[in-house]
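K.L.:
Following this message is one structure expressed as structure tokens.
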């Protein structure tokens, strides 16, 4: 279970996140929705344990996400993927799997490489790959071993259509494996087909939460929350 209670992080310019609270259970896909600058990435970094909050609590399976022991339970795709450019694709994925203490990872890595059309590049140094291919490697790293919590920050950026389809399929498989998936995105067409719960963020605060089972129109909600004050310029 992912449990977040009144997490806040305020920067020197006064912006940040205030009193963010969330509960998520196995198999849920939580989508953080909002325009650039709303605070989604700050939330993501705190959930992933790579940034400490000023206050509040964030834990996966009762372990604070900033705790080193939580790292084995978290798969994280940052918006800007970090990879070791000097390693080959396969050797890098083997290294990550070993660090995450994943057993019998060879078959899983092979499946991922075939699925994301990277098998023929497995022995290529990562530095020779395109940004889209590096993004796919970052996605594979996040899903390797199907950890309790998978966190994806703007995962569709830099992906081609096939990559997006493969990503959706992986999210569905991770749900079946009982993973909790948290996705930040401003692409409604992507999240509306995969999300269980949608959390709308504006100026660092939750302004609305809706469930996929409510039969809601995400575009209508988005327009009301983020466009209403700017519509006069089109009239």
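Residue numbers (my numbering): 303 to 537.
Ideal Cβ placement from N, Cα and C applies to all residues, glycine included.
What alpha helix (DSSP H) runs, 4 residues minimum, are completely inside the segment 331 to 361?
P.N.:
With a minimum length of 4 residues, the continuous alpha helix (DSSP H) runs that stay inside the segment 331 to 361 are 342 to 350.
K.L.:
Note the first and the last residue of the continuous beta strand (DSSP E) segment covering residue 308.
P.N.:
Counting along the chain, the beta strand (DSSP E) containing residue 308 begins and ends at 304 to 312.
K.L.:
Are residue 543 and residue 331 touching if we call contact CB-CB under 7 Å?
P.N.:
With the chain running from 303 to 537 in the structure shown, residue 543 is simply not present.
K.L.:
If you follow the alpha helix (DSSP H) that residue 272 is part of, which residue opens it and which one closes it?
P.N.:
This structure leaves residue 272 out entirely; the chain is present only between 303 and 537.
K.L.:
Leaving out the 5 sequence neighbours to the left and right, which residues in its chain are closer than 8 Å to residue 493 when beta-carbon positions are compared?
P.N.:
So the list reads 333, 335, 485, 487, 500, 520, once near-sequence residues are dropped.
K.L.:
Rounded to whole angstroms, what's the CA-CA distance from residue 419 to residue 314? Just pull it up for me.
P.N.:
One C-alpha to the other measures close to 43 Å.
K.L.:
Buried or exposed: residue 458, going by 16 or more other Cβ atoms within 10 Å of its Cβ?
P.N.:
By the neighbour-count rule (16 or more Cβ atoms within 10 Å), residue 458 is buried.
K.L.:
Identify the residues that DSSP records as bridge partners of residue 510: which are they?
P.N.:
BP columns for residue 510 point to 502.
K.L.:
In terms of residue numbering, what span does the alpha helix (DSSP H) encompassing residue 463 cover?
P.N.:
Segment 463 to 478, the alpha helix (DSSP H) holding residue 463.
K.L.:
Got a sec, what are the start and stop residues for the alpha helix (DSSP H) residue 391 sits in?
P.N.:
Residues 391 to 401.
K.L.:
Just the C-alpha distance for residue 434 and residue 513, rounded to the nearest angstrom, thanks.
P.N.:
Answer to the nearest angstrom: the Cα atoms are 31 Å apart.
K.L.:
Can you look up residue 440 in the DSSP assignment and give me helix, strand or coil?
P.N.:
Of the three classes helix, strand and coil, the one that applies to residue 440 here is helix, per DSSP.
K.L.:
Helix, strand or coil for residue 423, going by three-state DSSP, please let me know.
P.N.:
Residue 423 falls in the helix class under three-state DSSP.
K.L.:
Taking the C-alpha atoms as reference points, what is the distance between residue 511 and residue 322?
P.N.:
Rounded to whole angstroms, residue 511 to residue 322 spans 12 Å at the Cα level.
K.L.:
Apart from the five residues just before and just after residue 383, which ones in its own chain have a Cβ nearer than 8 Å to its Cβ?
P.N.:
If we look at residue 383 and ignore the five residues flanking it on each side, its Cβ neighbours are 436, 437, 439, 440.
K.L.:
Between the segment 398 to 407 and the segment 362 to 370, do three or more beta carbon pairs fall short of 8 Å?
P.N.:
Too few Cβ pairs lie closer than 8 Å, so no.
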